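Q: Take this structure first; my questions come after.
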Amino acid sequence: MSRMEFSTVDLPFDYDKLDVAIVEAAEGMLGIFSHTEYDTSLYLAIQQNEGENANDCQMETVIPLSRHKCYIIGVAEGYIFLGGFPKVHRARESCFLLEIKTLKIVRVSRRTLHSPHIPYFGFPPSLSLRWI
1207 MSRMEFSTVD
1217 LPFDYDKLDV
1227 AIVEAAEGML
1237 GIFSHTEYDT
1247 SLYLAIQQNE
1257 GENANDCQME
1267 TVIPLSRHKC
1277 YIIGVAEGYI
1287 FLGGFPKVHR
1297 ARESCFLLEI
1307 KTLKIVRVSR
1317 RTLHSPHIPY
1327 FGFPPSLSLR
1337 WI
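If you're matching positions, the sequence shown starts at 1207 in our numbering and goes up one per residue.
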């Protein structure tokens, strides 16, 4: 039977005003993607030591999002799902996928109506249909 594991981590005090996605980084280390509200860059910090305290994270990468002011919608299966408002007024909002391993960003859709994003990432293996 497949199983899912959950953990908790104490974030640094200055992360309370940030949009944050916590992911498993290389070799089982903790990675924290963050940005301020509608910022044009994502920031990746990697936890240097194991434990429940994220205060020992060091900034690793800045990922520029040159044409959009983005926000984090969700995280699943090695991807971060982002929503983004173009810097140009009256342009349509877009949805993006950021692949965590490669940091490659791909636009997956554009919205025509203003409504909330509700991502569907699939069910955990224990709830998925079996394949033949």
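Beta carbons: idealized from backbone N, C-alpha and C, even for Gly.
Fair warning: this is a prediction, and the values are worked out from it, not measured in the lab.
Restricting to Cα atoms, I'd like to know which of 1270, 1251, 1247, 1242 is closest to residue 1230.
A: For this step, residue 1230 is matched to residue 24 along the sequence shown. Out of 1270, 1251, 1247, 1242, 1251 has the C-alpha closest to the C-alpha of residue 1230.
Q: Considering only DSSP beta bridges, list what residue 1228 is partnered with.
A: Residue numbering aside, residue 1228 sits at position 22 when the sequence shown is read from its first letter. Paired residues: 1238.
Q: Using beta-carbon positions only, say whether residue 1278 and residue 1239 come within less than 8 Å of one another.
A: Counting from one through the sequence shown, the residue named residue 1278 turns up at place 72. Counting from one through the sequence shown, the residue named residue 1239 turns up at place 33. Yes, Cβ-Cβ distance for residue 1278 and residue 1239 is below 8 Å.
Q: Output the boundary residues of the beta strand (DSSP E) element that contains residue 1217.
A: Position 11 of the sequence shown, counted from the start, is the residue given in the question as residue 1217. Neither: residue 1217 is in no beta strand (DSSP E) and is coded neither H nor E.
Q: If distances are taken between C-alpha atoms only, which option among 1315, 1234, 1294 comes closest to residue 1303?
A: On the sequence shown, position 97 is the one that residue 1303 refers to. Considering only alpha carbons, the answer is 1315.
Q: Pull up the DSSP beta-bridge partners for residue 1317, would you.
A: As a working note, residue 1317 is residue 111 in the sequence shown. Residue pairing by DSSP places residue 1317 opposite no residue, since no beta bridge is assigned to it.
Q: Over what stretch of residues does the beta strand (DSSP E) that includes residue 1288 continue unbroken?
A: Residue numbering aside, residue 1288 sits at position 82 when the sequence shown is read from its first letter. Here the beta strand (DSSP E) through residue 1288 covers 1285-1292.
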